[in-house]
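Trainee: Just passing along the structure, written as structure tokens.
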Amino acid sequence: MTGITVKEALTTHGFEGSRVVAGKSGLDNTVKTVTVAEVPDAMDWLNGGELVVTTAYYIKEDPLAQKKWVQGLVYHGAVALAIKPARFIGNIPEVIKQIGDELSFPIIELPPKITWPVIIEGVMNLILDRASALVKRSEEIHRRLTKLVLDSKGMDKIARTVSDIVNNPVIIEDRWFNLLTVSDTDENDRNILNHRLSPDYIKQLKVLQKENKIKMNHKSSYAEIPLFIDGKEYKQYIFPIIAGQELYGYFSVIEKNGIVTDKDYIAMEHGSTVIALELLKKKASFEAEGRLKADFLRTLLEEGNEEEVKQKAAAQGFDLSGLLTAIIIRVYKQEENPIHLIDTFLTKTIHHMVQQLDPKAFTIPRQDDLVIFLHSDNNKNTEFIKKVKDISINIVKALEQNLFGYKSIIGIGNPYEKIKDIKKSYSEALEAVNTAKKFPSYGQVVCFAEMGCYRLLSMVKDRSVLEAYCQDTIGKLIEYQKENKVDLIETLENFLISNGNQADVARKMFLHVNTVSYRLNKIKELLDVDLSQAETRFNLYLALKILENTK
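The following block contains the structure:
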């Protein structure tokens with residue numbers, strides 16, 4: 076419920092001749108209603124925001140009761156106490172005044188002839204008038220902001236309009252705190268906004284978000300996160316942008332130019348709602364475009380006739396000429412399903428990144444993946460794939476900066492020129508991304524052409540088969556290492572990687588050559604193998620790769 080300040084309540088007719096005798100620092104407390112209290116348990120009826128009026132008859136002769144009673148009123152949410160002392164207590168007791176000063180709780184002395192109905196009527200009329208004005212203001216703001224959406228003015232205009240209404244800087248960000256827009260700023264705002272939008276501060280917000288500390292409480296639809304700049308504190312109100320139970324972003328107002336009022340809260344709440352509508356519009360448009368692209372991909376993968384594939388590609392502005400490589404991006408949480416990458420900001424960010432390599436890159440949302448087709452600018456496949464891998468590594472970094480707790484993986488297919496072979500590149504990229512998920516130690520960017528033995532391992536659907544192979548091949552080594560705390564596994568791995576060069580193994584592991592020789596002999600003894608045989612080395616290497624991904 077809307078309220079007025081204690082100071083404003085004192086201007087009404089019922090308080091003529093009254094005076095504030097204590098607690099003057101609390102005159103800006105918000106009064107939501109008036110209540111009469113003449114009984115011991117009066118505080119139990121309070122809901123918060125009450126201006127309490129009393130004759131203090133119940134506590135007239137007991138200083139301890141006076142102290143406890145007034146403290147109880149404050150504890151239960153009362154914002155001021157008006158006493159008519161003349162009839163029963165003569166003067167307002169010092170203990171009550173002391174509590175008022177200590178707790179910023181205004182103590183008001185009323186003249187003897189004033190009546191409760193006059194006080195109640197005057198204060199409540201002012202509160203209701205204020206509420207009525209706010210309702211009208213709310214309707215006006217709602218119409219003004221909604222018209223911006225209906226007229227397709229965009230988020231920039233919405234941010235500027237809300238900023239004009241509240242006379243404070245406005246920031247709109249997506250759910251990962253990537254900037255979508257900021258209101259026009261003057262030179263005085265720039266330092267504050269630069270700090271607020273700095274990478275270091277955004278990291279702090281993401282940590283708070285991860286710890287679920289940017290959340291709304293039961294009394295408000297926003298969170299207060301202070302800003303500290305050059306030793307000065309600024310209040311910051313962060314409103315969630317929510318539609319259909321889904322979080323789309325955050326709408327923030329920094330209290331820089333003036334104190335945020337009830338009217339401003341209304342504008343900010345409406346602003347949050349209207350921005351949600353604007354983002355829903357963008358999402359609907361984005362998803363409609365995505366469905367058309369997905370239809371093209373479906374036709375391509377289902378091996379529709381080439382003419383139909385060409386027509387659908389042309390309709391989407393996709394150039395099918397030259398060498399094409401498919402890459403697939405997937406984001407998931409450990410042991411959870413992938414998340415949808417159909418997100419306007421993230422997809423556009425990724426698209427801009429791949430355009431550095433290929434201005435004609437074509438991006439397609441498909442189920443939980445993001446599929447991208449890239450054009451090779453020459454016939455040097457190795458050189459081109461290296462560039463694709465480099466850009467993919469940057470994409471992984473960008474995604475994981477935004478998505479706390481999520482892992483990004485990318486699969487890269489080989490380049491092909493013929494339309495009928497583009498499907499093959501997609502299938503290779505899909506196999507590569509599935510391999511990255513199945514064998515985490517391989518890395519987050521997997522190129523099909525470089526998968527080596529992982530191409531064979533990825534074909535084994537039953538993981539227990541791989542684990543059994545590993546156990547049969549190096550199980551005795553694993554058990555010995557557990558019991559004796561000697562790292563024979565790492566020694567064997569370095570031996571195989573170094574192509575049997577014991578000196579290289581010793582150097583890599585900071586061991587004496589004799590120690591390496593002893594360990595290798597122990598490995599031969601435990602496994603009963605000849606480490607000079609190529610097939611034996613291959614079998615052991617395969618088992619080690621499986622072990623890496625089952626730890």
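If you count by my numbering, then the sequence shown holds residues 76 to 626, one letter each, in order.
Note that beta-carbon positions come from the ideal geometry of N, C-alpha and C, so glycine has one too.
Remember, predicted model here, so these are calculated numbers, not experimental data.
State the start and end residues of the unbroken beta strand (DSSP E) segment that holds residue 346.
Mentor: Careful: residue 346 lies outside any beta strand (DSSP E), inside the alpha helix (DSSP H) at 337-376.
Trainee: Would you list, in sequence order, the uninterrupted beta strand (DSSP E) runs of no fewer than 3 residues that lie entirely inside the stretch 172-225?
Mentor: Complete beta strand (DSSP E) runs here, min 3: 182-184.
Trainee: Around the C-beta of residue 436, are 16 or more other C-beta atoms found within 10 angstroms, so that it is buried, or is it exposed?
Mentor: The residue is buried, with at least 16 neighbouring Cβ atoms inside 10 Å.
Trainee: Please classify residue 442 as buried or exposed, where buried requires at least 16 neighbouring CB atoms within 10 angstroms.
Mentor: Exposed: under 16 other Cβ atoms inside 10 Å.
Trainee: In its own chain, which residues sit with a C-beta less than 7 Å from the C-beta of residue 184, not counting the 5 before and 5 after it?
Mentor: If we look at residue 184 and ignore the five residues flanking it on each side, its Cβ neighbours are 93, 94, 96, 158, 160, 167.
Trainee: Starting from residue 317 and walking both ways along the beta strand (DSSP E), at which residues does that stretch end?
Mentor: Unbroken beta strand (DSSP E) run through residue 317: 311-318.
Trainee: Does the distance from the CB of residue 105 to the CB of residue 128 come in under 9 Å?
Mentor: Result no, Cβ atoms of residue 105 and residue 128 do not sit closer than 9 Å.
Trainee: DSSP beta-bridge partners for residue 129?
Mentor: In DSSP, residue 129 forms a bridge with 158.
Trainee: Relative to the C-alpha of residue 242, which candidate in 86, 260, 551 has its C-alpha closest?
Mentor: If we check each option's Cα against that of residue 242, 260 comes out closest.
Trainee: If contact is defined by three or more beta carbon pairs under 8 Å, each pair taking one atom from either stretch, is the stretch 298-314 in contact with the stretch 227-237?
Mentor: Touching, no, given that fewer than three Cβ pairs across the two stretches are closer than 8 Å.
Trainee: Return the residue from the list 331, 319, 472, 236 that minimises the CA-CA distance to residue 263.
Mentor: It is 331 whose Cα lies nearest to the Cα of residue 263.
Trainee: Going by DSSP, what residue range makes up the beta strand (DSSP E) through residue 327?
Mentor: It spans 321-329 - the beta strand (DSSP E) in which residue 327 sits, taken as one unbroken run.
Trainee: Leaving aside the five residues before and after residue 180 along the sequence, list all residues of the same chain whose C-beta is less than 6 Å from its C-beta, in chain order.
Mentor: Taken in chain order, the residues that qualify are 98, 101, 149.
Trainee: Measuring alpha carbon to alpha carbon, tell me which of 276, 316, 493 ends up nearest residue 349.
Mentor: The shortest C-alpha separation from residue 349 is found at 316.
Trainee: Whose C-beta lies closer than 7 Å to the C-beta of residue 138 among residues of the same chain, with five residues either side of it excluded?
Mentor: Around residue 138: 168, 170.
Trainee: Going by Cα to Cα distance, which pick from 108, 457, 465 is closest to residue 431?
Mentor: Selected option, being the one with the closest Cα: 465.
Trainee: Using CA coordinates, which residue listed in 532, 544, 461, 449 is at the minimum distance from residue 501?
Mentor: Residue 449 is the option with its Cα nearest to residue 501.
Trainee: Tell me whether residue 287 is buried or exposed, calling it buried when 16 or more other Cβ atoms sit within 10 Å of its Cβ.
Mentor: Classification of residue 287: exposed, given that the 10 Å Cβ count is below 16.
Trainee: Alpha helix (DSSP H) containing residue 89: first to last residue?
Mentor: Careful: residue 89 lies outside any alpha helix (DSSP H) and carries neither H nor E.
Trainee: What are the boundary residues of the beta strand (DSSP E) that includes residue 483?
Mentor: Counting along the chain, the beta strand (DSSP E) containing residue 483 begins and ends at 481-487.
Trainee: Does residue 510 pass the burial test, meaning 16 or more other C-beta atoms within 10 Å, or should it be called exposed?
Mentor: Under this definition residue 510 is a buried residue.
Trainee: What distance in whole Å lies between the Cβ atoms of residue 391 and residue 376, which are believed to be in contact at a cut-off of 8 Å?
Mentor: Contact doesn't hold; Cβ gap of about 15 Å is too wide.
Trainee: Looking at the unbroken beta strand (DSSP E) that takes in residue 249, where does it start and where does it end?
Mentor: Per DSSP, residue 249 belongs to the beta strand (DSSP E) from 245-249.
Trainee: Please report how far the alpha carbon of residue 594 lies from the alpha carbon of residue 566, in whole angstroms.
Mentor: Distance between the alpha carbons of residue 594 and residue 566 is about 7 Å.
Trainee: Run through the DSSP bridge pairs and tell me what residue 438 is partnered with.
Mentor: Looking at the DSSP assignment, residue 438 forms a beta bridge with 447.
Trainee: Verify the CB distance criterion: does residue 160 have a CB-CB separation below 9 Å to chain D?
Mentor: Of the chains in the structure shown, none is chain D; there is only one protein chain.
Trainee: Would you list the residues sitting across from residue 403 in a DSSP beta bridge?
Mentor: In DSSP, residue 403 forms a bridge with 446, 486.
Trainee: Please classify residue 187 as buried or exposed, where buried requires at least 16 other C-beta atoms within 10 Å of its C-beta.
Mentor: Per the 10 Å Cβ criterion, exposed.
Trainee: Assuming residue 405 and residue 444 are in contact, meaning their beta carbons sit under 8 Å apart, how far apart are those beta carbons, in whole angstroms?
Mentor: Residue 405 to residue 444, Cβ: 5 Å. Contact.
Trainee: Alpha carbon to alpha carbon, how far is residue 631 from residue 239?
Mentor: Residue 631 falls outside the range modelled here, since the chain spans only 76 to 626, and no answer is possible.
Trainee: Here's the rule: buried if 16 or more other CB atoms are within 10 angstroms of the residue's CB, otherwise exposed. What is residue 343?
Mentor: When all chains shown are included, residue 343 counts as buried.
Trainee: Report all residues from its chain with a CB closer than 6 Å to the CB of residue 621; omit the five preceding and five following residues, and keep chain order.
Mentor: 541, 545, listed in sequence order.
Trainee: Just curious, the beta strand (DSSP E) that residue 256 is in, first and last residue?
Mentor: Looking at the DSSP string, the run of the beta strand (DSSP E) that includes residue 256 is 254-257.
Trainee: Can you tell me the Cβ-Cβ gap for residue 606 and residue 597, rounded? I've got them flagged as a contact below 8 Å.
Mentor: Going by Cβ atoms, the distance from residue 606 to residue 597 rounds to 12 Å, so no, they are not a contact pair.
Trainee: Round the Cβ separation of residue 296 and residue 313 to the nearest angstrom and send it over; I've been treating them as touching at under 8 Å.
Mentor: Contact doesn't hold; Cβ gap of about 10 Å is too wide.
Trainee: Roughly how many angstroms lie between the CA atoms of residue 121 and residue 339, to the nearest whole one?
Mentor: The straight-line gap from Cα to Cα measures roughly 27 Å.
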